[in-house]
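Below is one structure, written out as structure tokens; comments come after it.
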Amino acid sequence: MGPAGVVGWVVAAAVPLLFLSVFFLWPVATMVARGFFPDGALDVGGIAEVFARRRTWRVIGVTVGQSLTATLAALLLGLPGAYVLYRCRFRGRRLVRGFITLPFVLPTVVVGVAFRALLVETGPLGFLGIDGTFAAVVAALVFFNYALVVRTVGALWERLDPRAEEAARALGASPWRAFRTVTLPALAPSIVSAGAVVFLFCATSFGVVLTMGGLRYGTIETEVWIQTTQFLDLRAAAVLSVLQLAVVGGALLLAARARRRYDRSLRLRTDRSATRPLRLRGPGRRPGPDAPAAAVTAAVLLGLLVLPLAYLVAGSLRAPEGWGLGNYRRLAGTGGANTLTVTVWEAAANSVRAAVDATVVAVVVGTLVALVVSRRPRSRGGRRVLGVLDAVFMLPLGVSAVTVGFGFLITLDSPPLDLRGSAVIVPIAQAVVAVPIVVRTVLPVLRAIDPRLREAAAVLGASPGRVLATVDGPFLARGLGLAVGFAFAVSLGEFGATAFLARPESPTLPVVIFRLIGRPGAENYGMALAASVVLAVLTATVMMLAERLRGDRMGTW
Amino acid sequence: MVNGLEVRDVVVTYPGGTTAVDGVTLHVPTGEVLALLGPSGCGKSSLLRAVAGLEPLAAGALRWDGQPVDHLPVHRRGFGLMFQDGQLFPHRDVAGNIAYGLADRPRAERERRVGELLELVGLEGYGDRAVTTLSGGEQQRVALARSLAPRPRLLLLDEPLSSLDRSLREHLAAELRDIIHAAGATAVYVTHDHDEAFTVASRIAVMSRGQVLQADTPERLWHAPASEQVARFLGYGPVVDAVVVGEELRTPVGPVRVEPAAGEAAGAVRLALGPRALVPTEGGTPLPVGGWRVRRGERELEVTLPDGQGAVVRVPAEDGAVRETVAVRLAAEHVAVVPGGRP
Chain A
0 MGPAGVVGWV
10 VAAAVPLLFL
20 SVFFLWPVAT
30 MVARGFFPDG
40 ALDVGGIAEV
50 FARRRTWRVI
60 GVTVGQSLTA
70 TLAALLLGLP
80 GAYVLYRCRF
90 RGRRLVRGFI
100 TLPFVLPTVV
110 VGVAFRALLV
120 ETGPLGFLGI
130 DGTFAAVVAA
140 LVFFNYALVV
150 RTVGALWERL
160 DPRAEEAARA
170 LGASPWRAFR
180 TVTLPALAPS
190 IVSAGAVVFL
200 FCATSFGVVL
210 TMGGLRYGTI
220 ETEVWIQTTQ
230 FLDLRAAAVL
240 SVLQLAVVGG
250 ALLLAARARR
260 RYDRSLRLRT
270 DRSATRPLRL
280 RGPGRRPGPD
290 APAAAVTAAV
300 LLGLLVLPLA
310 YLVAGSLRAP
320 EGWGLGNYRR
330 LAGTGGANTL
340 TVTVWEAAAN
350 SVRAAVDATV
360 VAVVVGTLVA
370 LVVSRRPRSR
380 GGRRVLGVLD
390 AVFMLPLGVS
400 AVTVGFGFLI
410 TLDSPPLDLR
420 GSAVIVPIAQ
430 AVVAVPIVVR
440 TVLPVLRAID
450 PRLREAAAVL
460 GASPGRVLAT
470 VDGPFLARGL
480 GLAVGFAFAV
490 SLGEFGATAF
500 LARPESPTLP
510 VVIFRLIGRP
520 GAENYGMALA
530 ASVVLAVLTA
540 TVMMLAERLR
550 GDRMGTW
Chain B
0 MVNGLEVRDV
10 VVTYPGGTTA
20 VDGVTLHVPT
30 GEVLALLGPS
40 GCGKSSLLRA
50 VAGLEPLAAG
60 ALRWDGQPVD
70 HLPVHRRGFG
80 LMFQDGQLFP
90 HRDVAGNIAY
100 GLADRPRAER
110 ERRVGELLEL
120 VGLEGYGDRA
130 VTTLSGGEQQ
140 RVALARSLAP
150 RPRLLLLDEP
160 LSSLDRSLRE
170 HLAAELRDII
180 HAAGATAVYV
190 THDHDEAFTV
200 ASRIAVMSRG
210 QVLQADTPER
220 LWHAPASEQV
230 ARFLGYGPVV
240 DAVVVGEELR
250 TPVGPVRVEP
260 AAGEAAGAVR
270 LALGPRALVP
280 TEGGTPLPVG
290 GWRVRRGERE
300 LEVTLPDGQG
310 AVVRVPAEDG
320 AVRETVAVRL
330 AAEHVAVVPG
340 GRP
């Protein structure tokens, strides 16, 4: 690479670094510093005092317990799903694959509302009596992350050479033993990596826990929010924020180590001929070999995914005055007893506007990061720098969005960056949350380019710029559609940071839904359901368009 | 002025300290096809990548027609490179791939050149096919057409046929030679297959452990390998001790008349036996037969030489039992004297 090229790449790295420093590192560091150094000196006694509280330990216990349980459940249910949806062929498979992705991009508040509607005493599953319990939160978290497991594991399983398992069978292994000793170890890297990301999403989930578990099953994330907004205890909030980063960072580190242990070159097929028709019926009347996996998957699909969404839609159509579109008509108003400052439609427009801005910022910044990180410098130092960059841009995934939001309030409040009350503050915060998702979607596509393809272009006389445009470009375009979709969906549904930053006169849709569901009155409740349906449809439409632009791949996490 | 490619004392090292190419000097005059022949890992591909500009030189110099080229970035060297697995651009059709290196030419000229090359590689009418629909052999033809299209002053080929199956490889090697000659290209052809090297090249450089052991025309290389190692790599084996007595070489398998290389005129030498060196003859040296197999219509007898080495004697395939011994003599045109006594 010539000196001009090096300068170009340094600039390309500097833009996202500057963005991240100003809008993430600085606010979070300031927020943490305020808690740890209240009077300019490290307040060890204060930190010890936070850890002496029983409440702190209960919150840590709930966070770890809830996340671990949900991760294990998602893995156990997701494995048969990955097998059925990626290793077997049947009619409607595309449709089912598309459908299971829907929950993953649904706004957390919507998921919370849907499960509440199902589980409240008057709901169809009210007899279970698990509304507001540990089990209910876990169920919602599994609902949310099921697709992540199915698609991450499925993408690998689909291309796994079946002949290794066939060799084991020919050596006398039972189907179960062949699966346990050959297939499962081969899938291990994807299982570990899916598990790590699910744990991360569970441990930092905010909207679901806040709408479903309330304060009793609060996690570190919701506790940070409560300590900052209700108790104004910045010290506790800062300690908890750092603690959360440690929990998430520790989990990711363990996962990376486990993955390295399992990582070996797998025999993968590039075609997809490894799939075969779904065998539901065996010889005679006995169930076929795929029947158990298919049964589990069908049960998860209908019971866990379809039921809450169908009931949400049904509930939204039942207005206080009877079945119909009453709830939707009321979205043009401000709710019973003027609960809201704007109409729900106005809030929806605010959401879309903010999400468009956030998507533009996130895609530009995220693509630059992915382009820089996907380079393969010759020197060891260069590779190390890129490794650090890669990790730094994943930080927003592990840091509480609440911390980011509050950090914005206390740092971006004085010139030259006085953004309080500015319309750009919400999109910027949403972009910070969306950047890691964009990077994770675009990066695998760029990394999959054989470096010799770039060399082939160069020996044919293409300058580094033309190589970037003609080799990286077409691959990038394929990943970009999905990245735009994810960024838009994440921004639309973002709640943790937006809850802090949205101006009272221009709230976003998730903020409005949360407000509606927190106020008494059948009218408000009906409106919350209808608004959730609107938000879900909006998100699903965007994702569908994005998937149309680019096959059915979700980034490898 | 020296024309063509000059490689002088070139050293290529990789991060971590491995030296892939260790002081190689070569000259490829314009119009010549040089084969770099060597086992995998001998540094031949690294040398090729260094010539292309894809690996930096740790030491040494590269010149074209007397002008240094090592400071030129890859895309300004005007050298073409064909990869082992083609590396076609998956998002471009066949014509789009071939035209990639012609971006600065007018459209009409580009189209004419693509047409010419499709004809040259025998793929007329394939222009708008997606490259993913092609067979392995067709993909390599497109890759060759793509690297020839901009008329590179030097064409570098990195094991272009080794990902193909045997019969296709033999067929394509001859075709490749004809296409390269028809295009009048100067070329460096990397391969680990001696048959391929002998088919394609006008000169062959044998490499081992980052160094060139010998560079010569295929004929001279075959008749006078510079060392036992080179001889074995060209397909000779076993190598036996021999003594020069007058005009004869005395060997454990009987005498043979060969002109020994200069400087080896007397005393002990080593004699490399080619695949057809042992000819069955009435009254020759009897050798015990250990086993046999039929290959390409001939019976190959596995025999043991008096010094204990294994060797093969070819006899016409016929039914009936294999005898326990076979009497042989040495064929002078299938042996080569290699320098040095017993190593």
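Protein chains in written order, with numbering that gives the first Met the number 0: chain A, 0 to 556; chain B, 0 to 342.
Virtual Cβ for every residue (Gly too), placed ideally from N, Cα, C.
Are the C-beta atoms of residue i and some chain A residue less than 8 Å apart?
i, result
"B/Leu119", "no"
"B/His90", "yes"
"B/Ala51", "yes"
"B/Tyr99", "yes"
"B/Phe78", "yes"
"B/Ala330", "no"
Applying the criterion that 16 or more other CB atoms from any shown protein chain within 10 Å of the CB defines a buried residue, is residue i buried or exposed?
i, result
"A/Thr55", "buried"
"A/Phe561", "Chain A is shown from 0 up to 556; residue 561 of chain A falls before or after that span and cannot be answered."
"A/Arg86", "buried"
"A/Arg179", "exposed"
"A/Phe126", "exposed"
"B/Gly121", "exposed"
"A/Pro188", "buried"
"A/Trp156", "buried"
"A/Gly478", "buried"
"A/Ser421", "exposed"
Using CA atoms only, rank isn't needed, just tell me which of the options is closest to residue i.
i, options, result
"A/Arg379", "B/Leu4, B/Val1 and B/Pro14", "B/Pro14"
"A/Ala245", "A/Glu220, A/Val312, A/Ser20 and A/Leu233", "A/Glu220"
"A/Glu522", "A/Arg328, A/Leu239, A/Gly194 and A/Ser20", "A/Arg328"
"A/Ser399", "A/Ala12, A/Pro26, A/Val6 and A/Ala3", "A/Pro26"
"B/Arg168", "B/Leu156, B/Asp194 and B/Gly183", "B/Asp194"
"A/Met30", "A/Gln65, A/Val364, A/Ala353 and A/Val401", "A/Val401"
"B/Ser162", "B/Leu156, B/Thr12 and B/Gly136", "B/Gly136"
"B/Glu158", "B/Arg48, B/Ala223, B/Val327 and B/Val6", "B/Arg48"
"A/Ala501", "A/Ser240, A/Arg451, A/Leu442 and A/Gly404", "A/Gly404"
"B/Glu54", "B/Lys43, B/Ser166 and B/Asn96", "B/Lys43"
"B/Arg128", "B/Pro151, B/Gly95 and B/Val312", "B/Gly95"
"A/Arg69", "A/Leu367, A/Phe142, A/Ala298 and A/Ala11", "Sequence inspection shows Ala at residue 69 of chain A; the Arg mentioned does not correspond to that position. Nearest of A/Leu367, A/Phe142, A/Ala298 and A/Ala11 to A/Ala69, Cα basis: A/Phe142."
Using a Cβ-Cβ distance cut-off of 8 Å, determine whether residue i contacts chain B.
i, result
"A/Arg383", "no"
"A/Pro473", "yes"
"A/Arg176", "no"
"A/Leu452", "yes"
"A/Ser192", "no"
"A/Leu124", "no"
"A/Leu459", "yes"
"A/Val470", "yes"
"A/Ser373", "no"
"A/Val536", "no"
If you follow the beta strand (DSSP E) that residue i is in, where does it begin and where does it stop?
i, result
"B/Tyr188", "Ala186 to Thr190"
"B/Asp240", "Val238 to Val244"
"B/Val27", "Thr18 to Val27"
"A/Gly404", "Note, A/Gly404: premise wrong, no beta strand (DSSP E); alpha helix (DSSP H) at Ala400 to Thr410."
"A/Leu41", "Element bounds for A/Leu41: n/a, residue is neither H nor E."
"B/Asp157", "Leu153 to Asp157"
I'd like to know whether the C-beta atoms of residue i and residue j end up nearer to each other than 8 Å.
i, j, result
"A/Ala535", "A/Val109", "yes"
"A/Ala116", "A/Leu528", "yes"
"B/Leu33", "B/Val187", "yes"
"A/Gly122", "A/Ala318", "no"
"A/Thr366", "A/Ala486", "no"
"B/Leu329", "B/Ala276", "yes"
"B/Ala331", "B/Val255", "yes"
Where do the ends of the alpha helix (DSSP H) carrying residue i lie?
i, result
"A/Leu396", "Leu394 to Gly397"
"B/Gln138", "Gly135 to Leu147"
"A/Gln65", "Arg53 to Arg86"
"B/Val49", "As written in the sequence, residue 49 of chain B is Ala, which differs from the Val given in the question. Element bounds for B/Ala49: Lys43 to Ala51."
"A/Asp356", "Val343 to Val372"
"A/Thr296", "Ala290 to Ala298"
"A/Gly464", "Pro463 to Val466"
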